[in-house]
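Here's the structure, in structure tokens; my notes come after.
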Amino acid sequence: MTKPRAMLAGDDPSADPLLSCLAAIRAPPRELETAPRTADGSRLLCKRFCRGDGGSCARPDCPDAHVPIAQRQTCWMFDRYGVCAREEARRADPKAPRCWFPHPVPPPAAHHIALQVEVGMSDRVVSRCRELLGADAVVGAARADLSRNGDVLVLVTAGHRGVANAARILADDHHLAARIKRAYATGTSDDAADQNGDRRNERGRDEGILFADASIVGDDADALDAALREKLASLVDAALGGEKDPSFGGEKDPSRGARVRVRCFPPRLRDVVLEALRPSPRAASDDDRGWETCARVDDATHALDVVAVRGRAHVTAWSLDRTRPNSLRAWLMDAGEAARKRRTDAGAMCRAFHKIEEATCRAGVAIERTWRCVDVGAAPGGWTQWLCARLDVASGGAVFAVDPAELGEFEHGRLPPNVTHLKMRGEDAVGTVTRDGRPVDLLACDANVSPETACGIVSAFVPALRRGATLVLTFKGAAKGYAEWRRQMESATETLTAAGFATPRIFHLFSNCSREKTLVAKFIGGGDEERTRAGDPAREDAAEASSGKGPSSDADGKDADRARLLLARSLAVFATMPGEFAEAHIKARGFAPPPNGSVRLMRGRLLKILSDEVIAESSWHAS
1 MTKPRAMLAG
11 DDPSADPLLS
21 CLAAIRAPPR
31 ELETAPRTAD
41 GSRLLCKRFC
51 RGDGGSCARP
61 DCPDAHVPIA
71 QRQTCWMFDR
81 YGVCAREEAR
91 RADPKAPRCW
101 FPHPVPPPAA
111 HHIALQVEVG
121 MSDRVVSRCR
131 ELLGADAVVG
141 AARADLSRNG
151 DVLVLVTAGH
161 RGVANAARIL
171 ADDHHLAARI
181 KRAYATGTSD
191 DAADQNGDRR
201 NERGRDEGIL
211 FADASIVGDD
221 ADALDAALRE
231 KLASLVDAAL
241 GGEKDPSFGG
251 EKDPSRGARV
261 RVRCFPPRLR
271 DVVLEALRPS
281 PRAASDDDRG
291 WETCARVDDA
301 THALDVVAVR
311 GRAHVTAWSL
321 DRTRPNSLRA
331 WLMDAGEAAR
341 KRRTDAGAMC
351 RAFHKIEEAT
361 CRAGVAIERT
371 WRCVDVGAAP
381 GGWTQWLCAR
391 LDVASGGAVF
401 AVDPAELGEF
411 EHGRLPPNVT
421 HLKMRGEDAV
431 GTVTRDGRPV
441 DLLACDANVS
451 PETACGIVSA
461 FVPALRRGAT
471 LVLTFKGAAK
481 GYAEWRRQME
491 SATETLTAAG
501 FATPRIFHLF
511 SNCSREKTLV
521 AKFIGGGDEE
531 RTRAGDPARE
541 DAAEASSGKG
551 PSSDADGKDA
561 DRARLLLARS
571 LAVFATMPGE
581 FAEAHIKARG
591 FAPPPNGSVR
601 LMRGRLLKIL
611 SDEVIAESSW
621 HAS
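Under the numbering used here, think of the first position of the sequence shown as 1, with each following residue one higher.
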């Protein structure tokens with residue numbers, strides 16, 4: 001999402017303002033840039049007056065409005081991204097001019113977890129959080145800054161689950177957890193249960209959270225910093241210094257005070273927070289504070305999360321007690337590091353290894369040890385590596401790696417016994433794969449070709465698939481322009497559905513590139529004839545009964561059904577044939593391809609030529 005995305009007909013740019021915030025930085029609307037107005041939009045603002053911060057316009061007959069900041073239209077950039085370019089410039093140069101427009105602080109939203117992620121991953125993080133926690137799980141977002149590849153914050157509500165349980169659900173998806181740079185606690189769930197799941201603890205705290213406060217606000221960065229310096233120390237002192245803390249057995253530990261690890265978003269806020277928490281000279285001499293800040297997490301007893309979003313600072317303190325089985329530390333701090341270590345320890349040959357793992361997990365595909373799998377476009381071998389580790393060669397499990405290029409180096413420097421490398425194109429490998437008569441249980445294709453070409457490869461393998469086989473297909477962004485790529489994916493999905501692949505699901509995986517998506521579907525066949533081929537006697541009898549034929553139907557009827565099925569498959573091949581293939585067939589038959597013809601026109605021309613040949617041959621036989 002680091003580049004602007006083209007919209008197609010039917011797209012609603014205002015349908016999801018959250019994703020609009022997380023998308024690429026765009027220029028302001030021209031009317032806002034050239035003609036700023038008052039809050040009610042009735043009058044234009046005097047730019048001389050705005051530049052001088054009041055009173056600088058010397059024209060007594062100025063027709064434009066001279067109004068204070070509060071009576072002007074809101075800052076469009078702050079509304080959309082949660083940050084303002086002029087405020088960023090003032091952090092680098094305090095003498096830089098202030099923003100002309102107000103930054104209204106929205107009311108506090110009911111969110112409990114904040115996820116810090118890269119801009120390019122933000123749309124995928126939002127989508128996955130909604131899948132795991134519900135469509136209403138993501139309630140807000142903001143940027144750390146206006147850089148092209150900076151970090152953003154995704155705000156998630158825990159709902160009735162409680163903060164720790166919601167964090168656990170997110171952390172259990174290690175592909176998601178590996179992409180989260182940092183997870184913060186931003187509030188307590190009002191109806192959260194304790195560890196026993198039936199009641200809250202006596203102080204109403206949610207799973208180790210001591211307090212959560214969102215009352216610190218500021219209409220600009222300087223005002224927010226000043227409010228933090230004024231109020232933050234008293235909030236922390238009330239929770240850790242003046243009250244009894246259940247993490248110390250209900251009593252304050254006099255020998256070892258609470259040690260607080262500070263975590264901030266955006267990162268520039270850390271210096272402000274540490275300054276606000278620095279003890280006064282009197283407190284330091286009298287030793288009347290029961291807590292102190294520390295630099296290392298392993299030395300800390302508590303975490304203090306300060307998250308500033310759209311002019312409001314959410315301050316949350318929670319216990320880092322490792323002994324609790326459902327502790328926030330396990331899900332908010334340790335899960336991301338564990339997920340990244342798991343990816344490192346997997347010994348993946350390439351990034352594609354994690355791609356097929358995530359795709360099958362998201363789609364709920366359980367790989368059986370007896371499956372026969374085909375991996376088209378296998379090189380360097382990431383998908384093959386993941387598949388063969390889950391198959392048992394003694395039980396018949398095998399992987400056919402189809403690619404003219406060489407595979408990468410597997411463990412022990414040789415191919416596993418259940419892997420057969422076919423150095424040929426995907427369309428040419430069908431006969432070799434089905435030579436022993438066994439059907440294919442999973443067809444995987446990660447070839448670096450267009451979606452149309454990938455559909456052609458899949459169509460060639462349709463006769464080899466068993467009913468219920470799984471298809472895992474990557475749509476590469478080979479088209480020029482995002483809109484054209486989207487159209488190709490939609491067309492390819494329709495073609496696959498017509499070929500007998502049911503309920504295809506398209507995922508933008510965390511292991512995908514920005515211009516790459518993965519489709520997972522089940523093969524159910526193209527009709528009663530296809531189901532009969534799959535060997536379902538009940539469906540075969542039903543098909544015969546519906547057609548008025550009994551079990552003793554003659555061979556002519558079955559031959560006719562088989563001929564119709566073959567014709568349907570042939571037409572499916574024509575629908576997905578690459579344009580260059582069609583052009584080569586046309587030239588080979590002595591015809592001229594259509595000038596400047598599109599892919600569809602080229603396919604239609606070839607189909608017309610072949611139809612004429614069939615008609616001519618039929619007429620010759622009849623004569």
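Ideal Cβ placement from N, Cα and C applies to all residues, glycine included.
Keep in mind it's a predicted model, so treat the numbers as computed, not measured.
{"query": "Residue burial classification, Q488 (beta-carbon count within 10 angstroms, cutoff 16)", "result": "buried"}
{"query": "Three-state secondary structure (DSSP) of A492", "result": "helix"}
{"query": "Short Cβ contact (9 Å threshold) for G336 with A166", "result": "no"}
{"query": "In DSSP terms, what G140 is bridged to", "result": "L155"}
{"query": "Three-state secondary structure assigned by DSSP to P395", "result": "Sequence check: residue 395 is Ser here, not Pro. If DSSP states are grouped into helix, strand and coil, S395 belongs with the helices."}
{"query": "Span of the beta strand (DSSP E) around K517", "result": "E516 to F523"}
{"query": "Local conformation of N201 per DSSP, three classes", "result": "With a pLDDT of only 40 at N201, under 50, the local geometry of the prediction cannot be trusted, and the value read off the model is given with reservation. In the structure shown, N201 sits in coil (DSSP, three-state: anything other than H, G, I, E or B)."}
{"query": "Short Cβ contact (9 Å threshold) for L304 with R351", "result": "no"}
{"query": "Under 9 Å between C-beta atoms of G187 and H302", "result": "no"}
{"query": "C-alpha distance - T105 paired with D213, whole-angstrom precision", "result": "Inspection of the sequence shows that residue 105 is occupied by Val rather than by Thr. So the two alpha carbons sit approximately 15 Å from each other."}
{"query": "Alpha-carbon to alpha-carbon, F49 and A300", "result": "52 Å"}
{"query": "Cα-Cα separation, T420 to I457", "result": "19 Å"}
{"query": "Test item: CB-CB of V83 and R143 under 9 Å", "result": "yes"}
{"query": "CB contact flag (L155, V309, <9 Å)", "result": "yes"}
{"query": "C57, DSSP secondary structure in three states", "result": "coil"}
{"query": "Limits of the unbroken alpha helix (DSSP H) element including S459", "result": "P451 to F461"}
{"query": "Straight-line gap, C455 to R130 (C-alpha atoms, nearest Å)", "result": "30 Å"}
{"query": "Residue environment, R59, which counts as buried when at least 16 other CB atoms sit within 10 Å", "result": "exposed"}
{"query": "Own chain residues within Cβ distance below 7 Å of T293, not counting five before or after", "result": "V260, V262, L274 and L277"}
{"query": "Of the listed residues G52, I524 and L332, nearest to S319 (C-alpha basis)", "result": "L332"}
{"query": "Per-residue burial, R256 [other beta carbons within 10 Å of its own, 16 or more giving buried]", "result": "Low per-residue confidence applies at R256: pLDDT is 49, beneath 50, and the placement is therefore not dependable, though the value from the model is reported in the following sentence. It counts as exposed."}
{"query": "Own chain, CB closer than 6 Å to A226, minus 5 neighbours either side, in chain order", "result": "none"}
{"query": "For E516 and W485, the rounded distance between their alpha carbons", "result": "10 Å"}
{"query": "Touching by the beta-carbon criterion (3+ pairs, under 8 Å), the segment 429-448 and the segment 463-470", "result": "yes"}
{"query": "Sub-9 Å separation of S189 and G159 beta-carbons", "result": "yes"}
{"query": "C-alpha gap between A35 and R603, whole angstroms", "result": "52 Å"}
{"query": "Cβ-based neighbour list, D219, same chain, cut-off 7 Å, excluding 5 preceding and 5 following", "result": "P102, H103, V105 and G311"}
{"query": "Sequence-distant residues of the same chain with beta carbon closer than 6 Å to T370, five excluded per side", "result": "S395, G396 and G397"}
{"query": "Classification of G52 by the beta-carbon crowding that lies within 10 angstroms, buried from 16 upward", "result": "exposed"}
{"query": "Beta-ladder partner(s) of H421, from DSSP", "result": "A401"}
{"query": "Inter-residue Cα distance where the pair is T270 and N149", "result": "Here residue 270 is Arg; the residue named in the question, Thr, does not match the sequence. Rounded to the nearest angstrom, the two C-alpha atoms are 21 Å apart."}
{"query": "Assigned exposure category for S459 - 16 Cβ within 10 Å defines buried", "result": "buried"}
{"query": "Whether A366 touches V402 by CB criterion (9 Å)", "result": "no"}
{"query": "Cβ neighbour criterion (16 or more within 10 Å) applied to S598", "result": "exposed"}
{"query": "Rounded straight-line distance, which links the Cα of A584 to that of R168", "result": "56 Å"}
{"query": "Nearest-angstrom Cα separation, counted from V297 out to S122", "result": "27 Å"}
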